[in-house]
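For the protein sequence lines, the chains are A and B, in the order given.
All residue numbers for the first sequence refer to the working numbering, where the first residue is 676 and numbers rise by one.
All residue numbers for the second sequence refer to the working numbering, where the first residue is 13 and numbers rise by one.
For reference, the structure is listed below as structure tokens.
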Amino acid sequence: MSAVNPLPATDRRFMSGNEAVARGAWEAGCRVAAAYPGTPSTEILEYASQFDDMYSEWSINEKVSLEVAIGASLAGSRAICAMKHVGLNVASDALMTQTLIGVGGGLVIAVADDVGLSSSQNEQDSRFWGRFAHVPVLEPADSQEAYEMTQYAFELSEQFDTPVILRMTTRICHVKGVVTPGERKEFELADGFKKDPSRMVMTPSNAKHRIPMMHAREEEMKKFTEGHELNVVQDGSDKRIGFVVSGPTYMHVQEAYPEMPLIKLGLSYPVPMEQIREFSTQVDQLVVVEEVEPILETEIKAAGITVHGKEVLPRIGELAANVLRPAIGKLLGEEVPEQAPVAETKAPEVQLQINPADNLFPRPPTMCVACPHLGIYYCLSKIPKTSISGDIGCYTLGAGHPWNALDTTICMGASMGVALGLDKGRVEADKDKKIIAVIGDSTFMHMGMQGLLDITYNRGNVTILLLDNRAVGMTGGQYNPASGRDIHGEESLRVDFPKICEAMGVKPERIHEVNPYELPSLFKTLRTETKVEDTSVIITNQPCVLVDFYKHQPAFTVIEDECTGCKNCLDLGCPAISVTRRETVVKPNGKEKELAFVKIDSQACTGCDLCPKTCGPDAIVPLEGFSRQ
Amino acid sequence: MSENTTTNILVSGIGGQGVMTAAEILSQTALAQGYDVKKTEVAGMAQRGGVVTSHVRFGKRVLSPAIPPGEADILVGFEPAEALRWCTQLRPNGVAMVNRFKQEPPVVSLGLFDYPDDPIGQIQQLGINIHAFDAGAIARDLGNFRLVNTVMLGAIANYLPFSSDILKNEILDRFRQKKPKLVEINERAFEAGQAAEAAS
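Dropping the structure here:
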């Protein structure tokens, strides 16, 4: 479980954007907060859960978290739900109709875009949802603004009877800055939930009446955002360029061009177009600096205002000062030193000169020491003729070295449907292929269960590996219904996966619980089940090493003289095992063989007992007199 | 330091080494001195052995949270190859404080990539002012590998725009509140870091 530090007792506090959102919501009298974990938004709920007078929950997916927040809003409370960008895809079904209904207490959707893809399968721009759902979008530029705008979002929601999107990005969520917080103000609607089917029961006839109201609301908001105090012009002495900025680009532009004027859009949708038009007349050239999609640019151009945007600026990644300077320099006709093409620069860390670090090895994320997934991928990598559909979680790393045992990853839960499709759509050449799906406990509950039902209902021939590590591993080991604990760590339901699978039509004899550290039985079960022409589910039963109930055992070590350099243990991919020396020997048949002798980092080793099972000469043994620091 | 300049400290290493804690301590110290402070890190999947870099910026007013390339005043390198990876982020006359203790990633173990022969030497060849010492060995000699963090902070203490005692007290205060038993050993680690910097 990620540690969350208590707030220091001073007026100026050092908070991440995520913590600031939680604090802002609490101060605004928010009474319900819900989320499914997802980088970079996860900590919003981790912090929210620390406030006793605000109900908080880990929901099983983002759609449910939004529905919980909708219900709470209609019940008369202020409510917030938080998610990463792709989470809003899942929740969008609720959003697109809720926008017709409106709100009771303020309803805020904090959505975090992973600009630069630090930990996501795509880079999408959540500002589109404001346009699509006809709801306002607020874009904070730092922690203090995230704190203030969250509070304001509730007021705005109630004023216009609309859900409000608070659009964050990684550089807002995970950046810490100084915040001066205040006190909580209680809020509840005195008359609570008011029955009104014509408003809240969205049959076609009722919805038809609500659509013009939604459009009228948007027209009102268009007038409202013009000259709004969150949409401000900041004057500058060098008027060769005026910038249109929102969110983190406000800081980046000031860093790169402190002397140039800008218009900052804090309430960025509906766009205050007349304000932008007026601003454009005060500068030589207008440049819109927006991360990811050219949304404002397209709308500004459609309004007949001349503006530069993505033809000079990259369409992916962050637009930090070092990305802006060469692009804007060109626009100004300045000499720009030779460097990587702008379109290829994607992060502020990108090097602009030739340097020795360019040829340095990468350090891609790896699975943890003793991760229960290691044994799974060790076995999968040794089964021939497979097509393996994967899912979103730590086990996505199984696509990498040394396992190379994962063939697709798309979105939450997709391993199920994709596996069925791989089965049903197989061509003659693939008729003997074993179709395997790999999914984690949390992803299974999020969106995978429906896929499993589709497989059984349609008589699929798929072997499903349900990796139950009893936590949401990739985001730091948050609890879920498989943990048997709630967001506060208190005892709660612990879901029974074999029963669920059986209820969904998997035959009891095709459901197996295995210990992922017991390689022989794991391997045997996998071989058997992939041969059976039916739906099978193999459920692993050992916890994530990041959860606090994971039990460490005494560490192992390698007896140097006994290691034969066979490299079997390296196929596990455990980061605690490393190579000490390599040797090439010539075998009796004249072929060369590469040997690699290993050692174990005993301080990192948790004694999971997996690698000794791969060691023929029994060179891996418990470390005598070991003590853990 | 004049009022309008920003101090930029880049802390780099590997997930699990204490990079983020070191950056947090530096930030809190600067905050207590009345500065505006911003801290950002690239650590989406850091728990799983990836690169972690944390940017700490403080001054009268800090805008962008990320240190622009070539503007870092101090690089705190928790691992030599990671120090090499980030050393060109330093400004001219910036200082690199580097732990010599190597940590090879699995991609090197598997033989897919080579670990550089002499990362410290390569940094020196760039004309960078570098202090390198084995903070891992110092920490181990003191009895706890986790002290690397405090050793590294001790080593940069004389390069900050406030006195080294202020940073030391901030570190020790954290332990006084949470783990009083570790106050003394951390004080020794901090001072060992200062001595290592002076001797390297």
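No residue lacks a Cβ here, since even glycine has one placed at the ideal position from N, Cα and C.
- In this structure, the beta-carbon distance from A/L864 to A/G779 falls below 9 angstroms.
- Chain A has a Cβ within less than 9 angstroms of the Cβ of B/G27.
- Taking 7 angstroms as the upper bound on Cβ-Cβ separation, chain A lies near residues A78, P80, P81 and A93 of the stretch 78-95 of chain B.
- Taking C-beta atoms as the reference points, A/L988 and A/L971 fail to come closer than 9 angstroms.
- A straight line joining the alpha-carbon of A/V1147 with that of A/H1227 spans about 20 angstroms.
- For B/G148, there are no C-beta contacts with chain A under 7 angstroms, since the nearest C-beta of that chain is about 11 angstroms from it.
- Here A/R1256 is exposed: its Cβ has fewer than 16 other Cβ atoms, across all protein chains shown, within 10 Å.
- The bridge partners DSSP lists for A/R1257 are A/A1271.
- Secondary structure at A/W1078: coil, using DSSP grouped into helix, strand and coil.
- The C-beta separation of B/P117 from A/R1160 comes to about 33 angstroms, leaving the pair out of contact by the 8 angstroms criterion.
- Annotation for A/K883: the continuous alpha helix (DSSP H) segment containing it runs P879 to T900.
- For the 9 angstroms CB-CB criterion, A/Y1070 and A/G1115 form a contact.
- Straight through space, the alpha carbons of A/D1293 and A/C1286 are spaced by roughly 10 angstroms.
- A distance of 9 angstroms or more separates the beta carbons of A/T1281 and A/A931.
- For A/Y730, the enclosing beta strand (DSSP E) begins and ends at Y730 to W733.
- For A/N797, no CB of chain B lies under 9 angstroms from its own CB, so it is not counted at the interface with that chain.
- Check the Cα spacing between A/V1220 and each of A/M1042, A/F1172, A/A1074 and A/M1120: the tightest is with A/M1042.
- Rounded to the nearest whole angstrom, the CA to CA distance from A/A1094 to A/L1142 is 16 angstroms.
- Contact check for A/S801 against A/V783 fails: the beta carbons are separated by 9 angstroms or more.
- With contacts defined by Cβ atoms closer than 9 angstroms, A/E814 and A/G992 do not form a contacting pair.
- In the DSSP assignment, A/C756 falls within the beta strand (DSSP E) that extends over A754 to K759.
- Residue environment for B/D126: exposed (fewer than 16 other C-beta atoms within 10 angstroms of its C-beta).
- The beta carbon of A/K976 lies closer than 7 angstroms to those of V982 in the same chain, with the five residues before and after it left out.
- For A/N997, the neighbours in chain B by C-beta distance under 7 angstroms run, in chain order, P80 and P81.
- Distance from the CA atom of B/S24 to the CA atom of B/P104, rounded to whole angstroms, is 19 angstroms.
- The secondary-structure analysis by DSSP pairs A/R990 with nothing; it has no beta-bridge partner.
- Burial check for A/P923: the Cβ neighbour count within 10 Å reaches 16 or more, so the residue is buried.
- Short of 6 angstroms from the beta carbon of B/N170, and not among the five residues preceding or following it, lie these beta carbons of its own chain, in chain order: S176.
- Within the stretch 907-975 of chain A, the complete alpha helix (DSSP H) runs of at least 4 residues fall at 924-931 and 948-955.
- Not flagged as an interface residue toward chain A: B/R112, since no C-beta distance is shorter than 9 angstroms.
- Look at A/M926: its C-beta is under 9 angstroms from a C-beta on chain B.
- Close to chain B, meaning a Cβ-Cβ distance shorter than 8 angstroms, are the following residues of the stretch 1235-1264 of chain A: L1245, G1248, P1250, I1252, S1253, V1254 and R1257.
- In summary, the residues of the stretch 1065-1079 of chain A whose CB is separated from some CB of chain B by less than 8 angstroms are C1069, L1072, H1076 and P1077, in the order they occur in the chain.
- Note: A/I1186 is bridge-paired with A/V1212 in the DSSP secondary-structure output.
- The alpha carbon of A/E820 has as its nearest neighbour, out of A/K939, A/E894 and A/L1097, the alpha carbon of A/K939.
- In this structure, A/A1157 and A/S1117 form a Cβ contact; the two beta carbons are roughly 7 angstroms apart against a cut-off of 8 angstroms.
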